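Q: Would you mind keeping the following structure in view while I ask a few things?
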Amino acid sequence: MALLEIPRTGRDADSIVADLEAFRQGDVGWKEGKVFSLVYNAGDAHTELLKRAHNAFFSENGLNPMAFKSLQRMEAELVRMTATMLHGGPGVVGTLTSGGTESILLAVKAARERGKKKGIRNPEMVVPRSVHVAFDKAAHYLGVKIRHVALAGDYRVDTRALARAITRSTVLIAASAPQYPHGVIDPIEPIAALARSHDIAFHVDSCIGGFVLPWIEGLGYPVPPWDFRVDGVTSISADLHKYGYAAKGASVLVYRDMSYLKHQFFVATDWPGGIYASPTMPGTRPGGAIAAAWAAVHGMGQDGYLRHARRAMEARAELLAGLRAIPELRVLGEPQSTIVAYASRSRDVDIYAVADALEDRGWSVDRQQRPDSIHCTLMSAHRDIMGSYLADLREAVAHVRSHPELKSRGNAAMYGMMAKVPFRGMVRSATMKFMESMYGPGGASPDLSAVSEGQGPLMRAVNRYGPRALHALDQLKSRLDEARKRLLRREG
Ligand SMILES: Cc1ncc(COP(=O)(O)O)c(C=O)c1O
0 MALLEIPRTG RDADSIVADL EAFRQGDVGW KEGKVFSLVY NAGDAHTELL
50 KRAHNAFFSE NGLNPMAFKS LQRMEAELVR MTATMLHGGP GVVGTLTSGG
100 TESILLAVKA ARERGKKKGI RNPEMVVPRS VHVAFDKAAH YLGVKIRHVA
150 LAGDYRVDTR ALARAITRST VLIAASAPQY PHGVIDPIEP IAALARSHDI
200 AFHVDSCIGG FVLPWIEGLG YPVPPWDFRV DGVTSISADL HKYGYAAKGA
250 SVLVYRDMSY LKHQFFVATD WPGGIYASPT MPGTRPGGAI AAAWAAVHGM
300 GQDGYLRHAR RAMEARAELL AGLRAIPELR VLGEPQSTIV AYASRSRDVD
350 IYAVADALED RGWSVDRQQR PDSIHCTLMS AHRDIMGSYL ADLREAVAHV
400 RSHPELKSRG NAAMYGMMAK VPFRGMVRSA TMKFMESMYG PGGASPDLSA
450 VSEGQGPLMR AVNRYGPRAL HALDQLKSRL DEARKRLLRR EG
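Count the sequence shown with numbering that gives the first Met the number 0 and you get residues 0 to 491, in order.
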């Protein structure tokens with residue numbers, strides 16, 4: 000790409016905004032409800048409220064709460080309201096963060112510091128295989144070893160395997176309510192008992208469920224205990240910018256008491272710029288996101304959250320019924336909240352080809368692996384479009400069934416191959432190449448389907464032997480892990 004420099008002269012606002020609008024042309028149509036993640040839309044009136052609140056605090060900075068007491072007040076009130084919603088006692092404390100990932104990074108950091116105080120030098124965390132990948136990111140950034148635990152047949156973590164993965168270096172156990180890939184809630188009560196008996200911090204990742212499970216429960220749906228009512232749960236993350244229907248950049252991270260939260264803080268005493276105390280990861284904290292989150296909660300009220308939860312659950316019921324009526328598809332597990340994942344049960348219907356066919360019909364599709372599946376996070380807005388989604392899905396399945404060659408074309412081929420390649424290092428370096436091309440000087444959006452162009456024998460071999468090889472490698476890895484632990488126990 001030719002060198003791009005900042006325009007020599009500024010220009011009028013209208014033409015700039017017109018450009019921005021034009022840039023949207025290739026974006027997914029979230030306003031029509033064709034997206035199942037990324038945007039949580041509670042309607043135009045609510046969005047207008049968020050924009051007004053965001054605008055009103057557009058310039059304010061939460062970096063210094065002494066300077067902006069307004070933001071401090073909003074943060075404190077959001078934390079208190081969340082604590083109450085999650086049945087926390089008066090001792091529950093926490094902070095607002097920029098999103099689920101930051102909440103998780105901080106929960107891991109706090110657990111690491113707490114472990115350090117207890118003399119743990121090589122900290123580890125134990126998490127279900129299904130836990131959000133932000134925990135892997137935390138392991139990567141924070142030098143905490145991550146031990147993934149296999150799932151049971153119902154996609155919830157296998158509690159016995161989790162117990163076996165705990166070592167003397169475990170500083171944190173995490174589980175999800177619900178987990179993202181299949182929408183099921185891990186067995187929080189037995190895990191909390193384990194955590195308590197070992198005095199290990201236990202984080203429940205409810206980034207996606209935090210602001211919807213309480214209302215689902217309120218509507219009378221069965222929800223197993225997962226929040227502060229469970230003794231042994233020491234922290235919870237709940238994202239305002241998901242089912243809290245706030246603007247992007249807002250999550251709440253709450254701890255059972257200050258003895259956990261204090262390890263999250265950062266204080267530098269010798270910087271020439273002054274004593275610097277920071278509760279969360281960023282320096283500057285945009286006031287707009289905080290004000291919009293506060294406005295979201297007040298605009299919704301409990302009745303609004305209940306109304307939206309009811310509609311999302313109705314959309315889920317319609318989707319489940321529709322999926323169960325399509326013989327080629329199967330629902331993964333028993334979804335316990337507003338997330339549904341489905342896979343193919345037919346050798347003639349490749350689910351990634353179904354995903355492509357849905358995209359051809361204007362839907363934005365989230366593809367998953369292990370097993371290959373399609374993921375739907377259902378919101379209130381999907382209540383109105385579920386009929387047309389299911390009609391398109393039936394068409395897509397029929398189309399793929401009559402065109403088996405589609406599984407080795409375009410995106411389907413690429414996702415199929417990436418999911419099955421047994422040597423994950425190869426997948427990693429291919430993905431790295433995408434990142435390099437996207438963030439390289441050319442700044443290009445990579446053509447995903449290009450990967451499958453060089454298919455031929457490699458692709459055929461991967462398709463044929465990949466899943467078996469992957470399974471064998473997984474088993475080998477967990478056996479090696481077990482053997483290593485037995486050895487350590489004997490040495491200890
Ligand atoms: C269960 C869960 N945890 C964490 C996250 C990460 O949240 P964010 O994308 O806001 O960083 C997500 C996002 O979908 C999630 O579903």
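Backbone N, C-alpha and C define an ideal beta-carbon position, used for all residues, glycine too. All values derive from a computational prediction rather than experimental measurement.
(1) Got a sec: does ligand 1 put a non-hydrogen atom nearer than 6 Å to the Cβ of Tyr179?
(2) If Leu377 sits next to Val353, beta carbons under 8 Å apart, how far is it from one beta carbon to the other, in whole angstroms?
(3) Counting Cβ pairs, one atom from each stretch, are 3 or more of them under 8 Å apart for the stretch 173 to 193 and the stretch 227 to 236?
(4) Assign Met425 to buried or exposed, taking buried as 16 or more other Cβ atoms, counted over all protein chains shown, within 10 Å of its Cβ.
(5) Using three-state DSSP, classify Gly453 as helix, strand or coil.
(6) Who are the Cβ neighbours of Ile199 in its own chain at under 6 Å, not counting the five residues just before and after it?
(7) Do you know whose CA, among Ala176, His147, Gly409 and Arg120, lies nearest Ala162's CA?
(8) Would you check if there are 3 or more beta carbon pairs closer than 8 Å linking the stretch 46 to 65 to the stretch 272 to 291?
(9) Go to Phe265, then tell me how far its beta strand (DSSP E) extends in each direction, as first and last residue.
(10) Based on DSSP bridge pairs, tell me the residues matched to Arg146.
(11) At what residues does the beta strand (DSSP E) containing His534 begin and finish?
(12) Run through DSSP, which three-state label would Tyr140 get?
(13) Please classify Pro89 as buried or exposed, where buried requires at least 16 other C-beta atoms within 10 Å of its C-beta.
(14) Considering only heavy atoms of ligand 1, does any lie closer than 6 Å to the CB of Ile207?
(15) What are the start and end residues of the alpha helix (DSSP H) that includes Val353?
(16) Determine the contact status of Val348 and Arg408, defining contact as a CB-CB distance below 7 Å.
(17) Express the C-alpha separation of Asn63 and Lys136 in angstroms, rounding to a whole number.
(18) If you compare alpha carbons, which of Asp383, Arg485 and Ile184 is closest to Glu317?
(19) Do you know how far the Cα of Ala395 is from the Cα of His402?
(20) Taking the alpha-carbon positions, what's the Ala149 to Ala110 distance?
(21) Alpha carbon to alpha carbon, what distance is there between Thr337 and Ala295?
(22) Under a three-way DSSP split, which group does Ile289 fall into?
(23) Measuring CB atoms only, is the stretch 99 to 119 touching the stretch 233 to 250, in the sense that at least three cross pairs come out at less than 8 Å?
(24) Alpha carbon to alpha carbon, how far is Met257 from Arg195?
(25) If you follow the alpha helix (DSSP H) that Gly442 is part of, which residue opens it and which one closes it?
(26) Relative to the C-alpha of Cys206, which residue among Leu260, Ala237 and Asp226 is closest?
(27) Quick one: give me the first and last residue of the alpha helix (DSSP H) that Ala525 is part of.
(28) Grab me the residues of Leu104's own chain with a C-beta within less than 6 Å of its C-beta, minus the 5 sequence neighbours each way, in chain order.
(29) Quick one: residues in its chain with C-beta nearer than 8 Å to the C-beta of Met80, no 5 flanking neighbours on either side, listed in chain order?
(30) In chain order, what residues of the same chain lie with their CB nearer than 7 Å to the CB of Ile215, ignoring the 5 residues before and after it?
(31) Based on DSSP bridge pairs, tell me the residues matched to Leu252.
(32) Considering just the uninterrupted stretch of the alpha helix (DSSP H) at Thr100, what are its terminal residues?
A: In this structure, then:
(1) yes
(2) That pair is no contact at about 18 Å.
(3) yes
(4) Met425 comes out exposed.
(5) Low local confidence applies: a pLDDT of 47 at Gly453 is under 50, so the model's placement there is unreliable, with the coordinate-based value given in what follows. In the structure shown, Gly453 sits in a helix (DSSP, three-state: H, G or I).
(6) Thr169 and Ile172
(7) Nearest C-alpha to Ala162: His147.
(8) yes
(9) Start and end: Phe265 to Ala267.
(10) According to DSSP, which records beta bridges pairwise, Arg146 is partnered with Val125.
(11) The question about residue 534 has no answer, for the chain in this structure spans 0 to 491.
(12) Of the three classes helix, strand and coil, the one that applies to Tyr140 here is helix, per DSSP.
(13) exposed
(14) yes
(15) Ile350 to Asp359
(16) no
(17) 28 Å
(18) Ranking the options by Cα distance to Glu317, first place goes to Asp383.
(19) 10 Å
(20) 22 Å
(21) 20 Å
(22) helix
(23) yes
(24) 17 Å
(25) No alpha helix (DSSP H) contains Gly442, which DSSP labels as neither H nor E.
(26) Of the candidates Leu260, Ala237 and Asp226, Ala237 places its Cα closest to the Cα of Cys206.
(27) Outside the displayed range of the chain (0 to 491) lies residue 525, so it cannot be described from this structure.
(28) Ala137
(29) Val296
(30) Val222, Ala308, Met312 and Ser336
(31) The secondary-structure analysis by DSSP pairs Leu252 across a beta bridge with Thr94 and Ser236.
(32) Gly99 to Lys116
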